[in-house]
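What follows is a short report on a single structure.
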Amino acid sequence: MKKNGRTGKGTQRWRCRTCRLSSTMPQRGRRRARTLEEFFSWIPGPSSRTAPESTGDARALRKRIAWCWSIRPRIAPPDAKRHTVMADGTYMGHGWCLIIAIDGESGEVLAFQWCAHESKAAYLALFSGIPTPDVLITDGLRGAEAACLETWPGTRIHRHLVHVQRNTRTDLTSRPRLQAGRELKNCPAC
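With numbering that gives the first Met the number 0 applied, the sequence shown closes on residue 189, and no number is skipped along the way.
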């Protein structure tokens, strides 16, 4: 194949030397890259949604970028050992839970795992690609603790103070009637 001018649209035309047929080779990668850029500019919200006005109908835009929703983000597996790793789950709509592990010092996302609920299996899948940290900071659920003990046997487990405080308030109630309950509620460590 050798170059043979351009089409009326400006696309490069190619010609086969043996059979003398000419054709164009569309650059699907470039088109998909432009569509992905358009998708990223459309995602943040109404202030950046100028794409439909410049490229046509909003419905056509949604059809063009439909494949972008199925892209799964990839995070490079961490290679260095971290001192602290924080892991916690966030419940989304439609019965999904997203468990995220971040570096406790820099806040960098190390790994994530989609699941139906926080369980030992979900935390095992999350922890499997992360090197053993010195300390795991978590909410204290049994699934996270069991997965930590199985994946990283020598790692210390520390609970978020927010969860400790919530559990203490649940146990004591917000308006304790007994004197002992009032003293525990006013305790600075609680």
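Every residue, glycine too, gets a C-beta built ideally from N, C-alpha and C.
Would you mind reading off the limits of the beta strand (DSSP E) that contains residue 27? Taken as a continuous stretch (DSSP letters only), residue 27 belongs to no beta strand (DSSP E), being part of the alpha helix (DSSP H) at 27–41.
Tell me whether the stretch 127–139 and the stretch 73–86 touch, counting them as touching only if at least three CB pairs, one residue from each stretch, are closer than 8 Å. Here the stretch 127–139 makes contact with the stretch 73–86; the two share three or more CB pairs at distances below 8 Å.
Neighbour-count burial assignment, residue 88, 16 or more Cβ in a 10 Å radius: For residue 88, the number of other beta carbons within 10 angstroms of its own is at least 16, and it is reported as buried.
Between residue 14 and residue 30, what straight-line distance do the alpha-carbon atoms span, to the nearest angstrom? So the two alpha carbons sit approximately 22 Å from each other.
Just verifying my parser: in three-state terms, what is the DSSP assignment at residue 1? Residue state for residue 1 is assigned as strand, using DSSP reduced to three classes.
Tell me which residue opens and which closes the alpha helix (DSSP H) that residue 150 is part of. If you look at residue 150, you'll find it in the alpha helix (DSSP H) that goes 141–150.
Along the alpha helix (DSSP H) that carries residue 180, what are the first and last residues, could you check? That run of the alpha helix (DSSP H) goes 178–184.
Would the stretch 56–64 count as touching the stretch 104–120 if we require 3 or more Cβ pairs under 8 Å? Under the three-pair Cβ rule at 8 Å, the stretch 56–64 does not count as touching the stretch 104–120.
Buried or exposed, going by whether 16 or more other CB atoms sit within 10 Å of the CB of residue 85? Counting the other CB atoms within 10 Å of its CB gives residue 85 a total of 16 or more, which places it among the buried residues.
Beta-bridge partners of residue 157, as assigned by DSSP: DSSP lists 136 as partners of residue 157.
Rounded to the nearest angstrom, what separates residue 108 and residue 122 at their Cα positions? Going from the Cα of residue 108 to the Cα of residue 122 covers about 15 Å.
Would residue 147 and residue 126 qualify as a contact pair, given that the criterion is a beta-carbon distance under 9 Å? Yes. Within cutoff.
Could you name the residues that DSSP lists as bridge partners for residue 110? Answer by DSSP bridge pairing, in chain order: 100.
Could you pull the start and end residues of the beta strand (DSSP E) that residue 14 belongs to? For residue 14, the enclosing beta strand (DSSP E) starts and ends at 11–14.
Taking only three categories from DSSP, how would you classify residue 169? In this structure, DSSP gives residue 169 a helical state, which the three-state scheme calls helix.
When 118, 129, 124, 117 are compared against residue 102, the one with the closest alpha-carbon: Minimum Cα distance to residue 102 is reached at 129.
Give me the Cα-Cα distance between residue 8 and residue 23, rounded to the nearest whole angstrom. Using only the alpha carbons, I get a separation of about 11 Å.
Own chain, CB closer than 6 Å to residue 0, minus 5 neighbours either side, in chain order: Shown here for residue 0: same chain residues with a beta carbon closer than 6 Å to its own, the five before and five after excluded, namely 13, 15 in chain order.
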